[in-house]
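Numbering of the sequence shown is given in my numbering, commencing with residue 9 and proceeding in unit increments.
Heads up, the beta-carbon is just placed ideally off N, CA and C, and yes, glycines get one too.
These notes are about the structure you will find just below.
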Amino acid sequence: MHSGLSSPALEAVSEAIDQLDAEYVSFVSGAELRELQRLQDRLAAQQARRLAAFDRDRGFTANGSCSTVAWLRWNCKLSNGAARTRVSVARQVGNLPETSAAFARGDITYAHVAGICRTADQLGTEAVAGAEWILLPAARELNAGKFGYVTSYLRHTLDPDGALEDANENRRWTYVHLSETWKGIWELDGRLDPEMGATLQTALNALMPKPTPDDARFPSQRRAEALVELARRQLNGGDLPQVAGVKPHLSMITTVETLRREPGAPPADLEWGPPVHMETARRIACDSSLTPVVVDSDGELLDYGRKRRTLPPALRRVLVVRDRGCAWPGCDRPAAWTSGHHLKHWADGGPTNKENTALLCGHHHWLCHEGGWHLERGLDDRLVARPP
Ligand SMILES: [Zn+2]
Ligand SMILES: [Zn+2]
Numbered sequence: 009m010h011s012g013l014s015s016p017a018l019e020a021v022s023e024a025i026d027q028l029d030a031e032y033v034s035f036v037s038g039a040e041l042r043e044l045q046r047l048q049d050r051l052a053a054q055q056a057r058r059l060a061a062f063d064r065d066r067g068f069t070a071n072g073s074c075s076t077v078a079w080l081r082w083n084c085k086l087s088n089g090a091a092r093t094r095v096s097v098a099r100q101v102g103n104l105p106e107t108s109a110a111f112a113r114g115d116i117t118y119a120h121v122a123g124i125c126r127t128a129d130q131l132g133t134e135a136v137a138g139a140e141w142i143l144l145p146a147a148r149e150l151n152a153g154k155f156g157y158v159t160s161y162l163r164h165t166l167d168p169d170g171a172l173e174d175a176n177e178n179r180r181w182t183y184v185h186l187s188e189t190w191k192g193i194w195e196l197d198g199r200l201d202p203e204m205g206a207t208l209q210t211a212l213n214a215l216m217p218k219p220t221p222d223d224a225r226f227p228s229q230r231r232a233e234a235l236v237e238l239a240r241r242q243l244n245g246g247d248l249p250q251v252a253g254v255k256p257h258l259s260m261i262t263t264v265e266t267l268r269r270e271p272g273a274p275p276a277d278l279e280w281g282p283p284v285h286m287e288t289a290r291r292i293a294c295d296s297s298l299t300p301v302v303v304d305s306d307g308e309l310l311d312y313g314r315k316r317r318t319l320p321p322a323l324r325r326v327l328v329v330r331d332r333g334c335a336w337p338g339c340d341r342p343a344a345w346t347s348g349h350h351l352k353h354w355a356d357g358g359p360t361n362k363e364n365t366a367l368l369c370g371h372h373h374w375l376c377h378e379g380g381w382h383l384e385r386g387l388d389d390r391l392v393a394r395p396p
């Protein structure tokens, strides 16, 4: 028996939970899980009712706490934010009749009630009580995240000045940290306001096509590549403002030996960054508007003109008609997403012509170089990809 509970009802709930715990769990229906969620919310409603009385009677003073929030932090081990939300709900919900009733029945979740009460803190209880007829049907319909839009909408309507203050506060706290770590890995983190986040998200989504079945990358990895692709397109498009009188441009310094993968050849040097692997150098140099600066072992500049390295527009048009998009077997990324790949690298003497080149999307181009895959033409002229 659980001791120390003065309420027989609490004892009964506790016993019922023991029974649930003793049940053998095999097949579980969705209805059962939904009911458990509802019961949790109903219990939260009962806690809120009692916390309201505890707060009103300053029950926290009994053990020397200075507020209900501090009492909850210490005795219920809640974070400060969670404790403040509990108190906000306890103080507001009793004055919002429809919300209280729906909460007690478990028709709306604790998260929805917390959103409504936070709005009451901001707009005043009376204003929110007057809007319950809008809020309650929305709370029953929408998940807690989407419901946040509804309360935010109400705030914008009833308190545009407060909403503007919040928005300006959000904008003040935006930042992006981009730092190179000791290994040459870059770390990126940041915080964007709603408009900035939505803008970036829209651009990244446009550069994140549906993954092909053989694409094992996590969405986060595909997003990272999309972000870099966004930057690369801007650099290649040449629309960026000039820096120190020249168009911003990333260059790579490398040697012929590196591009030919000769034993003992040095890695390539990327502007702003650490040395890059020779396979990466070969991919970058394969067909890119990034200009590889090729030097010999004495550092003398060797000229490999654009003709030799990059696909001339006429050839690219031929490849677009032939390959349609990425030429990797099974890949359906469109031609706009591709660059040219030399089946035999130009640094190894491969010509830049129709037979020796194919269009590849960024992911498959990577597989062909750093990934160690080998792409070649089979007997029937179709491309065959061989794993490393
Ligand atoms: Zn290539
Ligand atoms: Zn592809």
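query, result
"Complete beta strand (DSSP E) runs within the stretch 264-340 (minimum length 3 residues, chain order)", "276-278 and 300-303"
"Supposed contact pair T182 and L200 - C-beta distance, whole angstroms, cut 8 Å", "6 Å"
"Which of helix, strand or coil DSSP assigns to R240", "helix"
"The stretch 36-50 contacting the stretch 113-126, beta-carbon criterion three pairs below 8 Å", "yes"
"Contact shell at 7 Å, judged by CB to any heavy atom of ligand 2, ordered along the chain", "T220, C334, W336, C339, R341, L368, C369, H371 and H372"
"Under 8 Å between C-beta atoms of W354 and T346", "no"
"C-beta atoms of R113 and L59 nearer than 8 Å", "no"
"Cβ neighbours of L131 in the same chain (closer than 6 Å, five flanking residues each side left out)", "L166 and D167"
"Outcome for T107 when other beta-carbon atoms lying within 10 angstroms are tallied against a minimum of 16", "buried"
"Through-space distance from K362 to V326, alpha-carbon basis", "8 Å"
"Option nearest P396 by Cα separation, candidates H382, D389, G386 and R390", "H382"
"Bounding residues of the alpha helix (DSSP H) (the contiguous stretch that carries W374)", "G370 to C376"
"Neighbourhood of S73 by C-beta, 7 Å cutoff - its chain only, sequence neighbours within 5 removed", "W79 and W82"
"6 Å CB neighbourhood of R230 in its chain, flanking five on each side removed", "M216"
"Rounded separation between E23 and A61 - CA only", "25 Å"
"Under the three-state DSSP convention, the category P342 falls into", "strand"
"Neighbourhood of A146 by C-beta distance below 7 Å, restricted to the same chain and skipping five residues each side", "F155 and V158"
"Heavy atom of ligand 1 within 7 Å of R240 beta-carbon", "no"
"Local Cβ density within 10 Å of I124, reported as buried at 16 or more and exposed below that", "buried"
"DSSP beta-bridge partners of E106", "Looking at the DSSP assignment, E106 forms no beta bridge with any residue, so it has no partner."
"Status (buried if at least 16 other CB within 10 Å, exposed otherwise) for F226", "exposed"
"Proximity test, H377 beta-carbon vs ligand 1 heavy atom, cut-off 7 Å", "yes"
"Counted within 10 angstroms of its Cβ, other Cβ atoms place F35 as buried (16 or more) or exposed", "exposed"
"Integer Cβ distance of Q100 from A128, believed to fall under 8 Å", "4 Å"
"Euclidean distance between Cα positions of S15 and R57", "14 Å"
"Beta carbon shell of ligand 1 at less than 5 Å from a heavy atom", "C294 and H349"
"Enclosing alpha helix (DSSP H) for A70 [first to last residue]", "No alpha helix (DSSP H) contains A70, which DSSP labels as neither H nor E."
"Chain-order list of residues whose beta-carbon lies under 6 Å from that of G358 (same chain, five-residue window excluded)", "H350, K352 and N364"
"Pairwise C-alpha distance: G38 and A53", "23 Å"
"Cβ-based burial, R390 [other Cβ within 10 Å; buried from 16]", "exposed"
"Given N151 as reference, the closest of A122, G67 and D26 once Cα atoms are compared", "A122"
"Range covered by the beta strand (DSSP E) that runs through L215", "Element bounds for L215: n/a, residue is neither H nor E."
"Exposure of A276, with buried meaning 16 or more beta-carbon neighbours within 10 Å", "buried"
"Per-residue DSSP class, three states only, for G386", "coil"
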